[in-house]
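Student:
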Amino acid sequence: MATQPQPTRDDFAAMLDDMFGGADSFEGRVVHGTVTAIENDMAVIDVGLKSEGRVPLREFAPAPGQKAELMVGDEVEVYVDRVENMHGEAMLSRD
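Residue numbers (the numbering used here): 39 to 133.
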């Protein structure tokens with residue numbers, strides 16, 4: 039019985055290109071994401087790209103000087119500045 043080869047990252051990237059017009063098509067768009075962690079003063083957010091992005095918690099505060107009320111599992115809308123920075127993370131912002 040022959041075994042099928044396991045898909046590679048390149049295969050996954052090609053599938054994303056076919057489905058969404060490439061990961062670059064996310065840049066400059068507001069997308070839906072899920073908070074996966076809160077680390078220090080940053081929210082780690084998964085928007086369905088190869089890697090997660092980090093957004094300062096202050097960007098989610100209702101007003102300057104107030105605390106953001108954000109929890110793991112919350113769904114948020116964020117702006118995709120860049121799909122990947124030099125650290126391999128998505129560059130996201132609330133603005």
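Cβ atoms here follow ideal geometry from the backbone N, Cα and C, with glycine treated the same way. Keep in mind that this is a model prediction, so the values were computed, not measured.
1) With DSSP as the reference, please indicate the residues paired to M129 in a beta bridge.
2) Taking the alpha-carbon positions, what's the A106 to D133 distance?
3) Identify which residue in H70, E77, V121, D49 has its Cα closest to the Cα of D112.
4) Can you give me the start and stop residues for the beta strand (DSSP E) that D112 sits inside?
5) Kindly indicate which three-state DSSP category E97 falls into: helix, strand or coil?
6) Could you give the C-beta distance for D84 and L95, rounded to a whole number, given that I count them as a contact under 8 Å?
Tutor: Concretely, from the data shown:
1) As a first step, residue 129 must be located in the sequence shown, where it is residue number 91. Looking at the DSSP assignment, M129 forms a beta bridge with R92, R120.
2) Position 68 of the sequence shown, counted from the start, is the residue given in the question as residue 106. Position 95 of the sequence shown, counted from the start, is the residue given in the question as residue 133. Using only the alpha carbons, I get a separation of about 15 Å.
3) One-based indexing of the sequence shown puts residue 112 at position 74. Selected option, being the one with the closest Cα: H70.
4) The residue labelled residue 112 in the question sits at position 74 within the sequence shown. It is not in any beta strand (DSSP E) - D112 carries neither H nor E in the DSSP assignment.
5) Working through the sequence shown from its first residue, we reach residue 97 at position 59. If DSSP states are grouped into helix, strand and coil, E97 belongs with the helices.
6) By 1-based counting over the sequence shown, the position of residue 84 is 46. By 1-based counting over the sequence shown, the position of residue 95 is 57. Not really, about 16 Å apart at Cβ, beyond 8 Å.
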